[in-house]
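Asks:
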Amino acid sequence: MMKGLNYVQDTATRQETRVDGGDISVIQDSGRRLLYQYSGIPNEEMDDHIETMRTMALKVCPYPCIKMYRFMDISIATLPIYPEILDRTKNGDKFLDLGCCLGQEIRQLVFDGTPSKNTYGSDLYGGYFPVGYKLFKDQDRLQTTFIAADIFDNTSKLTELEGKINIIYTGAFFHLFGLEEQKKIAARVVQLLAPRPGSMVCGQQSGNEKPGEYGRKGDTSGRKSFRHNPQSWKELWDHVGEITGSKWDVEADLDSPEFALQTPEGQKQTEKGPQGLRFVVKRL
Ligand SMILES: C[S@@+](CC[C@H](N)C(=O)[O-])C[C@H]1O[C@@H](n2cnc3c(N)ncnc32)[C@H](O)[C@@H]1O
11 MMKGLNYVQD
21 TATRQETRVD
31 GGDISVIQDS
41 GRRLLYQYSG
51 IPNEEMDDHI
61 ETMRTMALKV
71 CPYPCIKMYR
81 FMDISIATLP
91 IYPEILDRTK
101 NGDKFLDLGC
111 CLGQEIRQLV
121 FDGTPSKNTY
131 GSDLYGGYFP
141 VGYKLFKDQD
151 RLQTTFIAAD
161 IFDNTSKLTE
171 LEGKINIIYT
181 GAFFHLFGLE
191 EQKKIAARVV
201 QLLAPRPGSM
211 VCGQQSGNEK
221 PGEYGRKGDT
231 SGRKSFRHNP
241 QSWKELWDHV
251 GEITGSKWDV
261 EADLDSPEFA
271 LQTPEGQKQT
281 EKGPQGLRFV
291 VKRL
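For any residue, its number in my numbering is found by taking its place in the sequence shown, counting from 1, and adding 10.
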C-alpha cells in the first residue's frame, strides 16, 4: 500500500450514495471548496451551478463519471505524490491531464500555485473544455492548453507535446479500455513524456484484486474493460518499457474504493467489492 493515503471523506457512505449516479449530495467538499475559493461561486448558488454544468457536460457525451459528479472530486490532491507534483510544476515542469474531461484537477493545481501556462489538458471531446471554463469561471485567466485528441491517433495535435511533458495525470481513463488498447495508451504516454529519469504518470482508475476484463454497470455495448491489480499494472509497464526501450518504477495499491465504478447487477468482483487502483509510474 502506498504511504500516506488520506481520503477526504467517509468512502463507505459515498460508495453507497453513488450507485444511482444522480445524487448531488455525493459531491465532495473538495469540489465545493474549489468552486468557492477559486471560482468565487457563492454557497447559495453552488448546487444550481453544478447542476447546470452537469447537464451541459452530459450533452457533450454522457459518461457515467459525469452523472456521478466525478468532476467535483478533486482526486489529484489526495495522491501522496501531490506535493511533488506541485513543487515540480511550480518550477517549470509541464503537466498533462490525459482524459481531463472538464479539467477539475488542473484547476486544483492552478489554485495551489502552479502557473497555468505549465498545464495541458487533453480529451477526445473538445466540447468539454468550454463547459470547464463555465464551471470554473476562468476563461479570462487560465492559460492551460487544451487539446481535443483521440489518444489512439498518432497524428493528432498531441504530437506537438511528444517528449515535452514531465508529469501526466490520468483519472478513470485506462480502465475504459481492454488490455491491448491500454498497452497502446501506455506506449503513447511514454512518447509524450520527456525521455529522462523522473518523468512520470500517476492517477487512479477502477481496479480489481483479480485482474481481468470486466463489464460495466449500465453499459449494454458488451465492451469489456481491463482492471488491474498492482502486479498486472506493473507487468503492463514492464512490457511497455521493453517495447519502448525504457524502464519504469511502478508503485500502486488497491486501497481506494471511492474510485471504483460499479459492476453490472449481480456481478460480484471481489470479496471486498469494487476497488480503485492508485499508481505512480516513474521513469528510471
Ligand atoms: C471516465 S471519464 C474521466 C474524466 C476525468 N479524468 C475524471 O476523472 O473525472 C473518461 C474521459 O476520457 C475521455 N476519453 C475517452 N476515450 C478517449 C480517447 N480515445 N482519447 C482521449 N480521451 C478519451 C472521455 O471523453 C472522458 O472525458
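Where is the CB? At the ideal position from N, CA and C, for every residue including glycine. Since we're looking at a predicted model, the values are computed, not measured.
Could you have a look at Thr-273 and say whether DSSP puts it in helix, strand or coil?
Replies: For Thr-273, the predicted structure reports a pLDDT of 47, less than 50, and the residue's modelled location is therefore unreliable. The matter cannot be settled from this model.
Asks: Given 7 Å as the limit, tell me if Cys-71 has its C-beta closer than that to any heavy atom belonging to ligand 3.
Replies: Here the bound small molecules are ligand 1; ligand 3 is not part of this structure.
Asks: So Ile-86 packs on Leu-119, CB below 8 Å; how close in whole Å?
Replies: The pair is a contact, with the Cβ atoms about 7 Å apart (cut-off 8 Å).
Asks: Give me whichever residues DSSP pairs with Met-210 in a beta bridge.
Replies: For Met-210, which the question treats as bridged, DSSP gives the partners Ile-177, Lys-292.
Asks: Decide if Cys-111 is buried, meaning its Cβ has at least 16 other Cβ atoms within 10 Å, or exposed.
Replies: Buried: at least 16 other Cβ atoms inside 10 Å.
Asks: So within the region 136-161, which uninterrupted alpha helix (DSSP H) runs reach at least 4 residues, ignoring any that extend past its ends?
Replies: Complete alpha helix (DSSP H) runs here, min 4: 138-146.
Asks: What residue range does the alpha helix (DSSP H) around Thr-129 cover?
Replies: Element bounds for Thr-129: not the alpha helix (DSSP H) but the beta strand (DSSP E), 129-133.
Asks: So, under 8 Å CB-CB, Tyr-143 and Val-70 are touching, yes? Tell me the CB distance rounded to an integer number of Å.
Replies: Between Val-70 and Tyr-143 the Cβ distance is about 13 Å, and since that is not below 8 Å, they are no contact.
Asks: Can you tell which of Ile-95, Asp-265, Ser-256 has its C-alpha closest to the C-alpha of Arg-198?
Replies: Comparing Cα-Cα distances from Arg-198 to each of Ile-95, Asp-265, Ser-256, the minimum goes to Ser-256.
Asks: Would you grab the beta carbon distance between Ser-126 and Leu-106 for me? Rounded to a whole angstrom, and I think it's under 8 Å.
Replies: No, Ser-126 and Leu-106 are not in contact; Cβ-Cβ is about 13 Å, not under 8 Å.
Asks: Quick check: does the Cβ of Tyr-92 come within less than 7 Å of any heavy atom belonging to ligand 1?
Replies: Because no heavy atom of ligand 1 lies under 7 Å away, the Cβ of Tyr-92 does not count as near it: no.
Asks: Per DSSP, what kind of secondary structure is Gln-215 in: helix, strand or coil?
Replies: Strand, per DSSP.
Asks: Check for me: the beta strand (DSSP E) holding Val-260 runs from which residue to which?
Replies: Residues 258-263.
Asks: Within the same chain, show all residues whose beta-carbon is closer than 7 Å to that of Gln-192, passing over the 5 residues directly before and after it, in chain order.
Replies: If we look at Gln-192 and ignore the five residues flanking it on each side, its Cβ neighbours are Phe-184, Phe-236, Leu-246.
Asks: Hey, quick one: how far does the alpha helix (DSSP H) through Glu-245 stretch, first residue to last?
Replies: Residues 240-254.
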